[in-house]
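Participant:
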Amino acid sequence: MKNKTAEQKLFGNTCVNNHRLMIGGCVASELAKQYGTPLYVFDIDYAAGVARAYADILKREYPSSTVCYASKAFCCTAIYKMLSPLGLGADVVSGGELYTALKGGMDPAKIYFHGNNKTESEIQFALESGVGCFVVDSARELELIEKHATRVQNVLVRVNPGVEAHTHRFIQTTTPDSKFGFSIADGTAESVILSVEKHKNIHFAGIACHIGSQIFEQQSFEIAIDKMTDFIVRLNSLGVNVEMIDLGGGFGVHYIAEDKPLTPEQYMTNSAKYLLKAVNERNITPPHLIVEPGRSIVGEAGITLYSVGAIKTIKSLKTYAAVDGGMFDNPRVSLYDAQYTAVVADKADEKGTHEYSIAGKCCESGDILIDGITLPELHSGDVLAVFTTGAYHYSMASNYNRNAVPPVVAVKNGQSAYMVKPQTYEDIARNDVIPEFLEVKQ
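First residue of the sequence shown? That's 6 in our numbering, and the numbers climb one at a time after it.
Structure, rendered in structure tokens:
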């Protein structure tokens, strides 16, 4: 008979078996022992299941549609190798993301190139690669596309519908003073779209928006749909056809117990039905729908494993438990006051008895990963597992303090292998050069 804890589900597809945290059929502490820490662990089946759900549900509810994976959440060649056969496209925001998507086997015709300040070299590279669509975010970008295009290039124009989603202010993207998009309200978006006609090698295909990230409620998306379809009515009255509408992503995930994200079924079904209702009410031709989930595909597929090192108690204040990672592998806490939960990998179902602040190893007093969490008594050498680190962790990691970016290990059906190999000190210093004219005087 199986231990009852084998059926205890935690975040994503993790579970507890005989007190030990499991992910992808692998024992977390054994992964730490085999690959070292800090270590990003990524559950392939969980991410593929979420991606497949988005694609299948959207095709059912709104057949003329494309799900584009938002690469900024987690970018490596294996991700595209996993997502491309599921029919997904990709949203990229740099030459590096584009290169990685192509190397991972993504069809360039299904790549949408976003970004508020694409460089001339990035635009050339994208045109040469045959990307399906640019999401234009500046007048300068139109000039550069026209300059280098050798065939007619489809573009969407990113607009700002003025919707303030209920999320952290740093990840709201359609507030009036946002650096992204052209304002619908002040007429700038209309003016830019009308200017596209003067470019012989550019075809205006539609409009795009993205209202923010880590959004739990549907109302913000509905307001955005209303504003975007009202704008389509206005463009149609000016003789402008809108073939596509990109509603972005921003679907939230579960970081802590208080988070209540919607499911892919809820996000996609509601948005698709609301869009169909909106276009029917306005008597406009239903445009091809694009959505861009990123975090919600990969976020809960990942955990990060750390080893506990120094434990320091400040009398009458707090106890710090320091781990071998920190803000170099998870900058979200410092950037957004992001909150996380964690367990001791081999005591995953044990009741907490001590309160700790989980500190990173960087030379910064603000390098705190979790400021106050109740756990079983910690000891140096314990493996700590932090949940929901599949998105915006590896992709935002740095070599601050010359720490190595942790490797990424994929897990599936009890098997494990690198998705991203470990960095060495040699890798960190590889591009350092000592100029010949540098002289050190004694």
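We put the beta carbon where it would ideally sit given N, CA and C, even for glycine.
Tell me, please, whether the segment 218-231 touches the segment 53-67 by the rule of three or more beta-carbon pairs shorter than 8 Å.
Facilitator: no
Participant: What is the rounded straight-line gap between the Cα of Met332 and the Cα of Asn406?
Facilitator: If you number the sequence shown from 1, residue 332 lands on position 327. If you number the sequence shown from 1, residue 406 lands on position 401. Between the C-alpha atoms of Met332 and Asn406 there is a straight-line separation of about 10 Å.
Participant: Quick check: the Cα distance between Arg57 and Leu91, rounded to an integer number of angstroms?
Facilitator: Within the sequence shown, the letter at position 52 stands for residue 57. Within the sequence shown, the letter at position 86 stands for residue 91. Looking at the two C-alpha atoms, the distance is approximately 6 Å.
Participant: Pull up the DSSP beta-bridge partners for Gly307, would you.
Facilitator: One-based indexing of the sequence shown puts residue 307 at position 302. Gly307 is bridged to Phe47.
Participant: Would you tell me roughly how many angstroms separate the C-alpha atoms of His293 and Val160, rounded to the nearest one?
Facilitator: Taking the sequence shown and counting its residues from 1, the one referred to as residue 293 is at position 288. Taking the sequence shown and counting its residues from 1, the one referred to as residue 160 is at position 155. Rounded to the nearest angstrom, the two C-alpha atoms are 14 Å apart.
Participant: Using 8 Å as the cut-off, can you tell me whether the segment 310-327 makes contact with the segment 362-377, which would need three or more C-beta pairs spanning the two stretches below that distance?
Facilitator: Short answer: they touch.
Participant: Here's the rule I'm using: 16 or more other beta-carbon atoms within 10 Å means buried, otherwise exposed. How should Ile439 be labelled?
Facilitator: Counting from one through the sequence shown, the residue named residue 439 turns up at place 434. Classification for Ile439: exposed.
Participant: My output table needs one value for Phe64: the three-state DSSP class, helix, strand or coil.
Facilitator: The residue labelled residue 64 in the question sits at position 59 within the sequence shown. What sits at residue 64 in the sequence shown is Lys, not Phe. Helix.
Participant: Taking 6 Å as the limit between beta carbons, can you name the residues of its chain near Phe256, skipping five residues before and five after?
Facilitator: Within the sequence shown, numbered from 1, the residue matching residue 256 stands at position 251. If we look at Phe256 and ignore the five residues flanking it on each side, its Cβ neighbours are Tyr272, Pro298 and Ser301.
Participant: Where do the ends of the beta strand (DSSP E) carrying Gly377 lie?
Facilitator: On the sequence shown, residue 377 is found 372 positions in, with the first residue counted as 1. Element bounds for Gly377: Ile373 to Leu380.
Participant: Can you give me the start and stop residues for the beta strand (DSSP E) that Leu161 sits inside?
Facilitator: Position 156 of the sequence shown, counted from the start, is the residue given in the question as residue 161. That run of the beta strand (DSSP E) goes Gln158 to Asn165.
Participant: Give me the Cα-Cα distance between Lys356 and Leu380, rounded to the nearest whole angstrom.
Facilitator: Taking the sequence shown and counting its residues from 1, one reaches residue 356 at position 351. Taking the sequence shown and counting its residues from 1, one reaches residue 380 at position 375. Going from the Cα of Lys356 to the Cα of Leu380 covers about 7 Å.
Participant: Have a look at the DSSP bridge pairing and note the partners of Asn22.
Facilitator: Numbered from its first residue, the sequence shown carries residue 22 at position 17. DSSP output for Asn22 lists Arg25 as bridge partner(s).
Participant: Take Thr3 as the anchor and find which of Gly330, His384 and Gln344 has the nearest alpha-carbon.
Facilitator: As shown, the chain starts at 6 and ends at 447. That puts residue 3 outside it, with no answer to give.
Participant: Give me the residue from Thr19, Leu26 and Glu133 with the minimum Cα distance to Lys352.
Facilitator: Mapped onto the sequence shown, residue 352 falls at position 347. Comparing Cα-Cα distances from Lys352 to each of Thr19, Leu26 and Glu133, the minimum goes to Leu26.
Participant: In chain order, which continuous runs of the beta strand (DSSP E) of length 3 or greater are located wholly inside the segment 384-409?
Facilitator: 388-392
Participant: For Gln158, count neighbouring C-beta atoms within 10 Å of its own C-beta (all shown protein chains included) and say buried if the count is 16 or more, exposed if not.
Facilitator: Numbered from 1 along the sequence shown, position 153 holds the residue referred to as residue 158. When all chains shown are included, Gln158 counts as buried.
Participant: With DSSP collapsed to three states, give me the class of Ser76.
Facilitator: For the purposes of this step, residue 76 is taken as residue 71 along the sequence shown, with counting starting at 1. Ser76 falls in the helix class under three-state DSSP.
Participant: In terms of residues, what are the limits of the beta strand (DSSP E) holding Gly92?
Facilitator: The residue you call residue 92 lines up with position 87 of the sequence shown. Premise fails: Gly92 is in no beta strand (DSSP E) and is neither H nor E.
Participant: Please return the same chain residues whose Cβ sits closer than 6 Å to the Cβ of His173, not counting the five positions on each side in sequence.
Facilitator: Within the sequence shown, the letter at position 168 stands for residue 173. Interpretation of His173 is limited by its pLDDT of 39, a score under 50 that renders its predicted location unreliable; the figure taken from the coordinates is listed afterwards. Same-chain partners within the cutoff: Tyr341.
Participant: Distance check for Ser134 and Val458, CA to CA, integer angstroms please.
Facilitator: Because the chain spans 6 through 447 in this model, residue 458 falls outside it and cannot be assessed.
Participant: Check Leu294 in the structure and name its three-state DSSP category.
Facilitator: Taking the sequence shown and counting its residues from 1, one reaches residue 294 at position 289. In the structure shown, Leu294 sits in a strand (DSSP, three-state: E or B).
Participant: Taking all protein chains shown into account, decide if Cys80 is buried (16 or more other Cβ within 10 angstroms of its Cβ) or exposed.
Facilitator: As a working mapping, residue 80 is identified with position 75 in the sequence shown. The residue in question, Cys80, is buried, as its Cβ has 16 or more Cβ neighbours within 10 Å.
Participant: Does the segment 31-47 come close enough to the segment 280-291 that 3 or more CB-CB pairs lie under 8 Å?
Facilitator: They do not touch, by the three-pair rule.
Participant: In its own chain, which residues sit with a C-beta less than 6 Å from the C-beta of Thr71, not counting the 5 before and 5 after it?
Facilitator: Here residue 71 refers to the residue found at position 66 when the sequence shown is read from its first residue. Within the same chain, Thr71 has close Cβ partners Gly94 and Ile295.
Participant: How many Å lie between Phe118 and Asp354 at the Cα?
Facilitator: Within the sequence shown, numbered from 1, the residue matching residue 118 stands at position 113. Within the sequence shown, numbered from 1, the residue matching residue 354 stands at position 349. Looking at the two C-alpha atoms, the distance is approximately 44 Å.
Participant: Pull the bridge partners of Gly450 from the DSSP assignment, please.
Facilitator: Since the first and last residues shown for the chain are 6 and 447, residue 450 lies out of range.
Participant: Below 8 Å, can you find three or more Cβ-Cβ pairs linking the segment 233-242 to the segment 183-200?
Facilitator: yes
Participant: What's the call for Cys368, buried or exposed, on a 16-neighbour Cβ count within 10 Å?
Facilitator: Within the sequence shown, the letter at position 363 stands for residue 368. Classification of Cys368: exposed, given that the 10 Å Cβ count is below 16.
Participant: Quick one: what does DSSP say His153 is sitting in, helix, strand or coil?
Facilitator: Within the sequence shown, residue 153 is the residue found at index 148, counting from 1. His153: helix per DSSP, three-state reduction.
Participant: For the alpha helix (DSSP H) that contains Val238, what are its first and last residues?
Facilitator: By 1-based counting over the sequence shown, the position of residue 238 is 233. Here the alpha helix (DSSP H) through Val238 covers Gln224 to Ser242.
Participant: Using CA coordinates, which residue listed in Met424, Glu125, Phe47 and Asn18 is at the minimum distance from Glu148?
Facilitator: Stepping through the sequence shown from its first residue, residue 148 is reached at position 143. The option with the nearest alpha carbon to Glu148 is Glu125.
Participant: Leaving out five residues before and five after Asn206 in sequence, what residues of the same chain have Cβ atoms less than 8 Å from its Cβ?
Facilitator: Within the sequence shown, residue 206 is the residue found at index 201, counting from 1. Same-chain partners within the cutoff: Ile150, Glu151, Ala154, Thr155, Arg156, Val157 and Gln158.
Participant: Measuring straight from C-alpha to C-alpha, what distance separates Ser370 and Gly377?
Facilitator: Here residue 370 corresponds to residue number 365 of the sequence shown, with the count starting at 1. Here residue 377 corresponds to residue number 372 of the sequence shown, with the count starting at 1. Near 15 Å, if we compare the C-alpha coordinates of Gly377 and Ser370.
Participant: In whole angstroms, what is the alpha-carbon distance linking Ile176 and Glu441?
Facilitator: For this step, residue 176 is matched to residue 171 along the sequence shown. For this step, residue 441 is matched to residue 436 along the sequence shown. With a pLDDT of 37 at Ile176, under the threshold of 50, the modelled position of that residue is not reliable, and no figure is offered here.
Participant: Would you mind giving the Cβ-Cβ distance between Met87 and Ile116, rounded to the nearest angstrom? I have them listed as a contact below 8 Å.
Facilitator: Mapped onto the sequence shown, residue 87 falls at position 82. Mapped onto the sequence shown, residue 116 falls at position 111. Not quite, the Cβ-Cβ distance comes to about 16 Å (not below 8 Å), so this is no contact.
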